[in-house]
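Shown next, in structure tokens, is the structure this report addresses.
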Amino acid sequence: MVNVCCCVLQAHLLESSKNSQVGPAAVLEFWVQVMTTQDFWYRDKSVLYIMDHLCQAAVLYKQEECVQKLLYQQHKNALGHHGDRGLLSSFVGWFVAGNVTPSFIEGNALPREVWFSWLVLSMESLFEEDSQLRPCMEHEMLSNTGLSPEQALKKAQQRLKLHVAPSLQRMMIYRWAHQALATPADHPLLPLVWQKFLQLYLRQPGPEFGYLPMEAKGCIGKRYFQSSTHAGLLKELKQRLVEVSDFHHAASKAIKVPSSTCETGHASPHPSTQYMTSPELHVELVRLFSVFAVWLEDENLQRQEVYLPSLPKQYDPYRLAKIMQSDQGVWMEYLDIERVQHELTKVLKMWIYHHHHCHIIPAARERILINLRKHDTPQPTLDLVPMSAPIPDISPNCLSDETLSSKLLQEDLSKLQQQAKLAVLRETQQVALDSELLETLPQLYINREEQLSVQLECQGSGGQPCQGPAHVTVKFEGMYKVEPVQNQIQALKRDIRQLQTDAIQPPAQSVAEAAVHVETFITALVNNFKVLPSPVAQKVGISAFYQVVSFVCEDTQRHPPTRQFFSSCIEILGQVFIRDSHQECRRMLKTILLNGHLCTLLSPYFTPNASPGGLVDMYEEVVSSLGTDSGDVIFMLLTKVNLHIGSIKP
């Protein structure tokens with residue numbers, strides 16, 4: 001379908017180029033606007049394919065400026081400029097503001113849409129020139145030979161008073177280099193892409209943009225390729241020139257062979273001949289790319305000023321002078337314009353053939369039905385299985401019925417308490433196994449007394465022979481491993497590993513559901529009481545508080561997740577339903593005295609001053625409970641009693 005669209009475009013352009021017609025510029029402007037109306041159109045492969053054909057036609061019809069003008073406007077919209085400023089001033093204003101200029105080219109280069117890349121990069125090259133960033137950067141590198149390109153970029157940023165400079169990789173010398181590597185060897189635009197790169201690489205800085213001329217030190221391009229990454233890129237460029245030269249050398253000796261319909265696989269009414277570039281142009285391209293390779297390899301062009309007329313013929317001094325002087329003229333003589341015309345003609349023939357044979361295509365409805373009959377009959381839809389919620393909803397009756405709420409909490413809190421007990425049990429088992437292992441390890445080896453006889457040879461002394469070898473008996477204690485103990489240690493390690501494996505397993509889903517269920521209940525209870533306070537709701541909240549407290553035990557306090565969860569529940573319920581409630585002061589006091597280990601947890605909700613009438617009685621009860629093991633608890637409770645407040649209240 002995309003190919004057919006390209007055929008329509010080329011046919012439209014051909015028709016518009018005839019006398020008394022609107023001309024190709026109007027058609028190009030129309031279709032470019034159509035292709036670029038959607039957001040992020042440059043990320044759509046189909047749109048890029050069509051835009052590449054439009055850019056190719058623009059070059060053929062010499063309407064590059066028309067397409068570039070529209071791309072300018074698109075770029076301006078991408079930058080967010082909607083005022084009345086001129087187009088070029090908008091771009092320059094964006095660039096000198098230090099922002100990275102958005103690009104219609106995703107990545108470093110486009111290997112397929114080369115015509116599109118050519119026009120886009122040519123358009124974006126204006127930013128670097130008009131912002132004065134690259135000339136200022138090169139001036140800094142010439143002023144200090146020790147500066148790296150990145151450092152020179154920062155200095156240029158400061159000199160031009162840019163708040164943020166574009167990234168070094170966004171400089172056009174690198175972008176043209178990547179495009180030269182990505183462009184196929186047989187693409188007509190490849191010589192012109194290399195020309196653009198070499199105009200930057202072999203440029204001799206001069207007094208542009210008001211900078212004083214520096215001492216002549218050759219070309220500036222090598223300074224951009226000093227880092228290891230960029231040096232590798234330059235090496236790839238040199239190797240690529242060799243490959244392209246070899247390609248055109250081989251192509252210059254190729255022979256044109258007619259190809260029939262069956263070979264191409266297209267239903268064309270007449271046999272076609274594959275177009276081949278003339279051998280003469282291939283020879284010229286071999287010479288051109290060989291010259292490019294010589295320019296890149298010669299270090300003298302980078303180090304010092306060279307008298308160009310004295311260079312050998314293989315340097316092509318005439319073209320080298322144009323490159324070094326930044327002559328912007330495009331070498332169109334190396335563009336295979338006949339191949340471009342042949343490709344466009346081929347596209348037009350495809351459109352004519354498609355147009356004459358479109359009557360055999362059935363209607364859309366019939367075509368769809370025919371395609372559907374080729375497939376199996378679709379199966380009926382699956383039955384919808386109702387899904388139950390993982391966490392049951394809180395019944396409104398639970399918020400006003402103490403019995404129902406108590407039953408709900410009993411089930412969920414029991415699961416949480418059991419999980420804490422299981423974790424504490426595993427901890428106890430771990431400690432016991434570790435202790436047993438430590439006690440067993442010293443028994444792994446024992447010393448056993450042994451005796452060893454050693455025969456020592458004698459060589460004689462002073463010419464006197466020995467009577468024979470000496471026999472020496474040695475007694476010592478050797479270390480031996482006790483196998484039963486070794487087996488016991490291995491069994492202990494297996495038990496420890498198994499226990500640790502069980503300990504790191506996530507808790508059962510029922511435990512998580514219970515925690516969420518309790519949290520949901522408390523949240524609903526508190527919200528309901530805040531919206532519509534009532535004695536019934538307060539009674540349910542007080543009952544829930546003491547029920548949660550009843551589940552707090554030594555095991556839940558030793559298990560951090562359960563301890564944190566119970567503490568949060570007690571804190572929420574206590575603040576809403578218990579604190580400052582004079583009816584609950586005496587009950588809270590008795591609960592703390594009976595559960596001294598929970599004093600720290602419950603004491604924030606013991607507010608005896610809220611019940612002035614019973615303050616003296618509660619004070620006496622606290623004092624009478626004083627014992628040897630309850631001093632801390634009594635002290636904390638006494639700090640809650642303010643006798644001064646109690647004495648002044650009736």
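In this text, residue positions in the sequence shown follow UniProt numbering: the first is 1, and each later residue adds one.
For glycine and all other residues, C-beta sits at the position ideal for the given N, C-alpha and C.
Nothing here was measured: the structure is a model prediction, and the numbers come from that model.
Counting Cβ pairs, one atom from each stretch, are 3 or more of them under 8 Å apart for the segment 39–57 and the segment 102–120? yes
Would you mind sorting residue 316 into buried or exposed? The rule is 16 or more other CB atoms within 10 Å of its CB. buried
Report yes or no: do the segment 407–417 and the segment 431–449 share at least 3 C-beta pairs separated by less than 8 Å? no
According to DSSP, simplified to helix, strand and coil, what is residue 293? helix
Quick one: using the 10 Å Cβ neighbour count with 16 as the cut-off for buried, is residue 336 buried or exposed? buried
Measure how close the beta-carbons of residue 67 and residue 28 come, nearest whole angstrom, since I'm counting them as under 8 Å. 6 Å
Could you name the residues of the same chain whose beta carbon sits closer than 7 Å to that of residue 508, not counting the 5 residues immediately before and after it, in chain order? none
By Cβ distance below 7 Å, which residues in the same chain neighbour residue 577 in space, the five residues on each side in sequence not counted? 538, 541, 542 and 545
Taking residue 567 as the reference, which of 121, 536 and 603 has the closest Cα? 603
Are residue 219 and residue 195 touching if we call contact CB-CB under 7 Å? no
In whole angstroms, what is the alpha-carbon distance linking residue 94 and residue 503? With a pLDDT of only 43 at residue 94, under 50, the local geometry of the prediction cannot be trusted, and the value read off the model is given with reservation. One C-alpha to the other measures close to 60 Å.
Taking 6 Å as the cut-off, does the CB of residue 408 come closer than this to any heavy atom belonging to the ligand MN? The ligand MN is absent from the structure shown, which contains no ligands of any kind.
Which parts of the segment 1–32 are runs of the alpha helix (DSSP H), unbroken and 4 residues or longer, counting only runs that do not cross its ends? 2–16
Would you kindly check if the distance between the Cβ of residue 323 and the Cβ of residue 199 is under 7 Å? yes
Could you please give me the residues that DSSP links to residue 470 through a beta bridge? 456
Start and end residues, alpha helix (DSSP H) containing residue 542: 535–550
Measure the C-alpha to C-alpha separation of residue 70 and residue 40 and round it to an integer number of angstroms. 15 Å
Assign residue 565 to buried or exposed, taking buried as 16 or more other Cβ atoms, counted over all protein chains shown, within 10 Å of its Cβ. buried
Classify residue 555: buried if its beta carbon has 16 or more other beta carbons within 10 angstroms, exposed otherwise. buried
Option in 485, 572 and 489 with minimal Cα separation from residue 525: 572
At the level of alpha carbons, what is the spacing between residue 636 and residue 399? 34 Å
Quick one, which of 137, 501, 181 and 191 has its alpha-carbon nearest residue 167's? 137
Can you tell me where the alpha helix (DSSP H) holding residue 318 begins and where it ends? 317–324
Residue 235 - partner residues in DSSP beta bridges: None, per the DSSP bridge assignment.
To which residues does DSSP link residue 480 through a beta bridge? 446
If you reduce the DSSP assignment to three classes, tell me which class residue 406 lands in. helix
Taking the C-alpha atoms as reference points, what is the distance between residue 13 and residue 36? 18 Å
For the alpha helix (DSSP H) containing residue 555, list its first residue and its last residue. 554–558
Straight-line Cα distance separating residue 448 from residue 420: 49 Å
To which residues of the same chain is residue 579 closer than 7 Å at the C-beta, ignoring the five residues directly before and after it? 605 and 607
Proximity to residue 124 [Cα-Cα], best of 173, 290 and 489: 173
Compare the C-alpha of residue 427 against each of 369, 498, 152 and 444 and name the closest. 498
Cβ shell of residue 405 (< 8 Å), same chain only, five flanking positions each side left out: 398, 399, 521, 525, 540, 543 and 544
Residue 159, enclosing alpha helix (DSSP H) - first and last residue: 149–159
Could you tell me whether the Cβ atoms of residue 182 and residue 109 are closer together than 7 Å? yes
One or two residues paired with residue 475 in a DSSP bridge: 451
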